[in-house]
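Heads up: the sequence shown at position 227 corresponds to 900 in the working numbering, and the numbers run straight through without jumps. Glycine included, each C-beta is placed from N, C-alpha and C at the ideal position. Read through the structure below, which is laid out as structure tokens, and then see the notes.
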Amino acid sequence: ARHLLGIEHLAPEEIRTLLDLAETYVDLNRRTIKKTDVLAGMTQINMFFEASTRTQASFELAGKRLGADVMNMAVAQSSVKKGETLIDTALTLNAMHPDLLVVRHGNSGAVDLLAQKVNCAVLNAGDGRHEHPTQALLDALTIRRAKGRLHRLTVAICGDIAHSRVARSNLLLLGKMENRVRLIGPPTLMPSGVADLGCEVYEDMRAGLEGADVVMMLRLQKERMDGGFIPSEREYFHRYGLDAEKLAHARDDAIVMHPGPMNRGVEIDGTLADDINRSVIQEQVEMGVAVRMAAMELLARNLKAERGREAAGVM
Ligand code: CP
């Protein structure tokens, strides 16, 4: 494929290939190794129209570890502030001939639209409520390393499902790899029709966590609850916040995940988040660099092959 726009476009074999390649970048200390020539001579532009710490930093590091020239577009200081549209901005950058464009945008579908207008590889770094494919891939790598497999696991995804592109991408990926997915949350934060996607839906946290191998917590995304019901944080933590007592309903060896940024004391107890015997939250961040290196290496290979065919006139 030319782009990485969503998990929905990936076959199970492609997911395995990407994770296997990412694994080769991780050393025994869980640090990613440098592989400086894979993207040598290539230009990567990162365009983040929404705030990010982990995704933006790890795409930048990944590009640099692979030898790309990496440019971070400062959206706040760009002509977007003068009213330039997303497409015009993308076409302007496209005229500078980047090879890889990494894009985060607040509107679902914006990254797909942009990919149709440019002639480089586009990676979706999160679009609205739609998808966050590299997050699901790094979550998958973290699960596979902790559990020794990525199939026949019971994974509970808990909290604000309705506004979460992380939940959607994980649901798609875990389903493709034949896992059992449970969604747990208040009905007000559960999108309609999710049961049709082949997952089980729970309102009660303890019932939903029963026997789970993996517990994935999500942030309450208040910034996306425009005008809708916003639960009180205290009440929310009482019913849906993960603490040691609720976690005791999952399997004894269940791992705790969170994509970040975390709201301690809202969706997760701070002590549990820091408990290295249960929490793999730091490892998720570590795997983020490796997975993004793998994604960009695979897309760069495809791009080079496509350009080679074009040059030989065999398109
Ligand atoms: N998980 C995630 O996307 O975090 P950032 O918003 O910090 O990139």
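Residue i beta carbon near the ligand CP (any heavy atom closer than 8 Å)
i	result
Gln656	With the chain represented from 674 up to 988, any question about residue 656 goes unanswered, as that position is not in the structure.
Thr758	no
Ser781	no
Gln808	yes
Ala724	yes
His911	no
Val839	yes
His805	yes
Gly859	Per the sequence shown, residue 859 should be read as Pro rather than Gly. No, the beta carbon of Pro859 sits no closer than 8 Å to any heavy atom of the ligand CP.
Gly801	no
Gly736	no
Gly933	yes
Closest Cα partner of residue i within the set the options
i	options	result
Leu694	Ala927, Arg982, Ala967, Arg974	Ala967
Val888	Glu876, Leu691, Leu915	Leu915
Asp617	Leu692, Ser725, Gln789	With the chain running from 674 to 988 in the structure shown, residue 617 is simply not present.
Asn719	Leu796, Ser731, Arg727, Asn745	Asn745
Asp942	Val699, Leu976, Arg907, Thr758	Arg907
Leu823	Glu970, Leu692, Lys977	Leu692
His836	His922, Leu847, Glu804	Glu804
Asn702	Gly986, Met960, Lys977	Met960
Met969	Asn797, Leu766, Ala684, Val784	Asn797
Pro859	Ile834, Asn843, Cys872, Asn852	Ile834
Asn843	Ser865, Leu759, Thr815	Thr815
Check whether residue i and residue j have beta carbons under 9 Å apart
i	j	result
Arg951	Val929	yes
Ala819	Met850	no
Ile680	Leu786	no
Ala741	Met715	yes
Val867	Leu856	yes
Thr944	Ala927	no
Arg777	Phe721	yes
Val775	Gln717	yes
Ala885	Arg924	yes
Val962	Tyr698	yes
Thr640	Leu712	Any answer about residue 640 is impossible in this case: the structure gives the chain only from 674 up to 988.
Beta carbon proximity, residue i to chain D, threshold 9 Å
i	result
Leu845	The structure shown contains no chain D; it is built from a single protein chain.
Integer Cβ distance of residue i from residue j, believed to fall under 8 Å
i	j	result
Met641	Gly832	Because residue 641 is not part of the residues shown, which for the chain are 674 to 988, the question remains open.
Thr728	Gly782	Rounded, the Cβ-Cβ distance is 18 Å, inconsistent with contact.
Asp772	Ala973	7 Å
> What are the uninterrupted segments assigned as beta strand (DSSP E) that are 3 or more residues long and contained completely in the stretch 741–827, given in chain order?
Replying inline: Correct list: 742–746, 773–778, 794–800.
> Enumerated in chain order, which unbroken segments of the alpha helix (DSSP H) with a length of 4 residues or greater are wholly contained in the stretch 841–929?
Replying inline: Within the stretch 841–929, the complete alpha helix (DSSP H) runs of at least 4 residues are 878–882, 906–913, 917–920.
> Along the chain, which unbroken stretches of the alpha helix (DSSP H) at least 4 residues long are found entirely within the stretch 711–735?
Replying inline: Whole alpha helix (DSSP H) segments, 4+ residues: zero.
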